[in-house]
Structures are given as C-alpha cells and as structure tokens.
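When we follow my numbering, the leftmost residue of the sequence shown carries the number 510, and every step to the right adds one.
C-beta: ideal position from N, C-alpha, C; glycine also.
Beneath this line is the structure, given in structure tokens, with notes to follow.
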Amino acid sequence: MNSSERYDAFLDITRQIHALELAAEFLSWDQQTGMPPKGAPARALQLSTVEGIRHAVLTGDELGEHLEALGNGVSLDGDAAVNVREMERLRRRALCIPNALVREISKVQSLAMEAWIRARSDSDFGAFAPWLGEMLDLKRQEADEVGYDECRYDALHDEYEPGSTARRLKVLFRTLRDELVPLVAELADSPAAAKRKGVVGDFAVDRQKAFAVNLLTTIGFDWDAGRVDVSAHPFCSGNLHDVRLTTRYDENDITRALFGLLHEGGHGLYEQGFDPAFEGTPRARAVSLGIHESQSRMWENLVGRSRPFWEFALPLLHEAFPFTSSVGLDDWYAAINRVERSMIRVEADEVTYNLHIILRFELEMELIEDRLSVADLPAAWNDRMKSFLGVVPANDAEGVLQDIHWAHGIFGYFPTYALGNLYASQFFHAARNDIPGMDEAIRKGNFAPLLGWLREKIHTRGRTLWPEDLVKDVTGEALNADYQLDYLKEKFRSLYGAG
Ligand code: ZN
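This is the structure:
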C-alpha cells in the first residue's frame, strides 16, 4: 500500500466514524423533537449500539495500523496532517479509558439523571448527592486514565477545548469576575434598571417561527441544508448539508424563541460553513465547543442584541406584529438588554452570564480535586451566588440543581460557554477592523461582509488550528478578557446612563 492508498483507506474509516457520530446525533434529534414516549427504551438501545460500533471502529486495529503508517515519516500535506493528528487525538483518548469504566460511567449516568430529575422536582439535593459523589469518583478515574500535566481538571476540560487548561481559565476568569461583580451592581441597582420592561403581547407561534426563519435567511442560513423544530431544550446538531436547529416558543414573549434561534442559527452557520471538500473528516468539523459557542453568541448578542441590527429588523417586527408598532427603537433596544441579578443561568443576560459560568467552574474544579465535599456543595453554591450576583436561591431547584451537566457526568464543559463570549468579542472586534463599514452594512440588513469574514477566517478552517492558535491568527493576539469587558461596559453603561 503506497502512502496515498494508505491515506485513502484511513479516510474511509474516518468517514465511517463521522457517519456513526451523525447517525447518533440524528437519533437523538428525533428523540427530542418527535419520538413518541414509548419509543424511549428501544431508542436507548439504538443509541448505545451505534456508539458501541463507533467505539470499536475508533479503537480497532485497522485504524491503528493506518495511523501508525501515516505517522511514520510519510509526508502529508497540511490538511491530511490535520486529519491524522485529530484522529490520533480521538483514538488516544478512547483507548486510554478502559471499557469497564466506560460502561460504569454510562450506567451511573442514566441512574444519576433519573435521580437528578426527581431531586430537582422535589428541590432535594440530598437525594441526588450520592449519585454526584459516585459520578465524581468515576470522572476522577477517567482523568487519571487519560493523564494530565498539572491537574485532573485539565484531562476533562481538554476533551471540549483542546489545549486549554485550568491555569489559563483561572487567569481569564479572575479578570472577568473582578470587573463584572461591580458592573452588575452598578447596572442592576441603577434607577434606570427599575424602569426597563419586556415587550409582551400576543405573539402567535406560527408568525414567530416565520419571523425568525426570515431573519436567519437574511443572515445567511441555508434552509436547503437545515431545518427548525421544537424541543424542550434548544440545540443545534448535524453538519454541513444537514443542520438541525430547535427552539421553544412562548406565546406572550417573542424574545425567547427569537434569540434562541439566532443563537442556534449561529451554531448552524458554523456547521454549514465548513469546507465541503473535507466532509466527513475532522478538517470539516468544529475545533472546540468554545469556538462553536463564539459563533452562536456572536449572532445572538453582538449582532442580534445590537442597535444597528434592530435599525434594520424592528420595522420587520412591526410589520409581522402590528401591536408592537408603538414600541420604538430605544424602548425595544432597552427591553432586549435588561441586566438583572438572576438565579438561572440559561435565562441570564450578557452581563451576568459569565458570572454564572465562573461560579460553576470554581465549584466543579474544587469537587474534582476533593477540596469541596458533595455535602457542602449547596452551601458553597449559595455563598458564591451571594458574592457574585447578590442573590441567594430560595431552594436547591433554582440553585445547585438547575443544570443537567453534572448529573450527566459532564465536568470541564461549563467554561466553554464563557470562553465563547470572550472569543466572540475578540473576533468581532477584529472583524470590525477588517471590514470597512460593517455596522453600516448591518444597519441595512446586509450580513454578507461579516459572514464572509467568518467563513474565511474561522468556518472553512475547521480543525486546522486549535483555539488558542486560531485566535492569535485571526486577531493578532492571545485570547484575553479585555474585548468582552470593554464591549459590555461600553454597551451597557451607555444604555443605562441614557435611561
Ligand atoms: Zn450554544
């Protein structure tokens, strides 16, 4: 087998693994959007079967032989080298974790999820605590099997954000926290804050959907390669030519579905933007969750909650929902940018959101490192809520039990939400420098310059560069918190000062 035959054989297996991953994603999409309830047990078996086959192919000898041969001095061009590097990375991680541990984690996952659902509805952390303890034990074992340089947390976080470390997160998050805690107090307690109200009324669901679909078309989403459905928890799945978005509607308030769809649509634009020449390989996949989130947060917030965007879109809203015609640009812009001391992460505004994430990062880091016991977690959660956001949850359901991640065994994932905000601000700043008249174009509903820039600088590059190198390449400097902080201060101080 010569080197090009070898690479082709490697690509065949790579595409099979990708196909199995997408098959699982679509089974899961169907489960959350349309599957009848009685389908659940069979669906669980379908999903675990597909995952089992994927794991076997990924850890199998055939892929191992190809990788060894391709890694042994065969000269590869840049794109091929990316694919080999990334498949090696995936395989190494899969091989590190013994099968017995994988099975144990998956068993405890489903039991812990059931316990979490009950515990949350009873607001009883004690009922979930033993499962959290067990899950932490297993995740510590996983981290030890995978290996790390500095701390266990790195081994878990690295799965979601290649190259990122707890050390780096601590530096970024300390800066954010020190500046955001006083900023939240300044804005949320200002006299202007009390006057701000949302716009409620009769927003028929079919018209909401048509309105959001129209906006997504305008920003560049390709409906021949995507669709939108309803699910309890919004998400985006699929890849390149088949991207699934979901949302949920509130008949009295359009903002939930609208900004939810701008967010998921941002994820979708990233997926649709990979280079189709590399479909089915890591070269045409997202490089990290943080970079993925930077795309969703950019369209949702930096574009979607900006004044230029609504100079273009508000007349369309007035047309679609005539009762909103009395709401002018200033009032609408203020309504969609309210800063509140919030209890629930998924409902948090741009200013408080990062603090919700930093709180979770600090706590899960302490849990994994055994510096915080499970029994002390609710009190630690409430203390930190008080010092970060100035509010204390009335019960565990609106406090420590609100997120599904820990029940699912997902540790090291939360930081990628805040990283997404930082990347988004830094990218957006660079885009504005690179694109003359970008805001003017947005005011006119022309998003092609921005999307074109994102396609060229970020989307089409797939996994070519890891996040830290990508940021340096696109913006000329390492990731830092300044762009996010400057953006938040400038936007919200002028909004609240003027109110
Ligand atoms: Zn997202």
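Glu534 has its CB no nearer than 7 Å to any heavy atom of the ligand ZN. DSSP places Cys660 outside both helix and strand once states are collapsed to three, so it counts as coil.
In its chain, beyond the 5 residues on either side, Val617 and Ala621 have a beta carbon closer than 8 Å to the beta carbon of Glu643. Close CB contacts of Gly777 within its chain, under the 7 Å cut and outside five residues either way in sequence, are with Phe730, Gly735, Cys745, Val752 and Leu754 (chain order). Burial state of Gly580 is exposed, judged by a 10 Å Cβ sphere holding fewer than 16 other Cβ atoms. If you look at Thr973, you'll find it isn't in any beta strand (DSSP E); DSSP assigns it neither H nor E. Counting only runs of 4+ residues, the alpha helix (DSSP H) found wholly inside the segment 639-720 occupies 661-666, 675-697 and 700-704, in chain order.
When DSSP states are grouped into helix, strand and coil, Gly729 belongs to the coil group. If you draw a straight line from the Cα of Val812 to the Cα of Ala609, it comes to about 46 Å. At a Cβ-Cβ threshold of 8 Å, Ala844 and Lys998 do not count as neighbours.
With 6 Å as the limit, the residues whose C-beta approaches a heavy atom of the ligand ZN more closely than that are His772, His776, Glu802 and Ser805, in chain order. Around Lys1000, the same chain offers no residue with a beta carbon nearer than 7 Å, after the five sequence neighbours per side are excluded. Counted as a single uninterrupted DSSP element, the beta strand (DSSP E) harbouring Val739 occupies residues Gly735 to Val739. Spatial neighbours of Leu725 in its own chain (CB-CB distance under 6 Å, excluding positions within 5 residues in sequence) are listed in chain order as Gly774. Cys745 is bridged by DSSP to Leu754. The Cβ-Cβ distance between Gly929 and Arg806 falls below 8 Å. Here DSSP, grouped into helix, strand and coil, assigns Asp633 to coil. By the Cβ neighbour-count rule, Gly971 is buried, with 16 or more other Cβ atoms within 10 Å of its own.
Arg649 and Ala624 have their C-alpha atoms roughly 21 Å apart. Per DSSP, Asp521 is one residue of the alpha helix (DSSP H) stretching across Ser512 to Thr542.
By the 16-neighbour rule on beta-carbons within 10 angstroms, Val680 is exposed. Under the 8 Å Cβ criterion, the segment 513-527 counts as touching the segment 568-580, having at least three qualifying pairs. As the crow flies, the alpha-carbon of Lys895 is around 33 Å from that of Glu760.
Sixteen is the threshold: since fewer than 16 other Cβ atoms of the shown chains lie within 10 Å of the Cβ of Asp687, the residue is exposed.
With contacts defined as CB atoms closer than 8 Å, Ile614 and Pro817 fail to qualify as a contacting pair. The three-state reading of DSSP puts Asp762 in strand, counting E and B together.
For Gly774, the three-state secondary structure derived from DSSP is helix. DSSP places Ser834 within a helical segment (H, G or I) once states are collapsed to three. Taking the CA atoms as reference points, His527 sits about 43 Å from Asp711.
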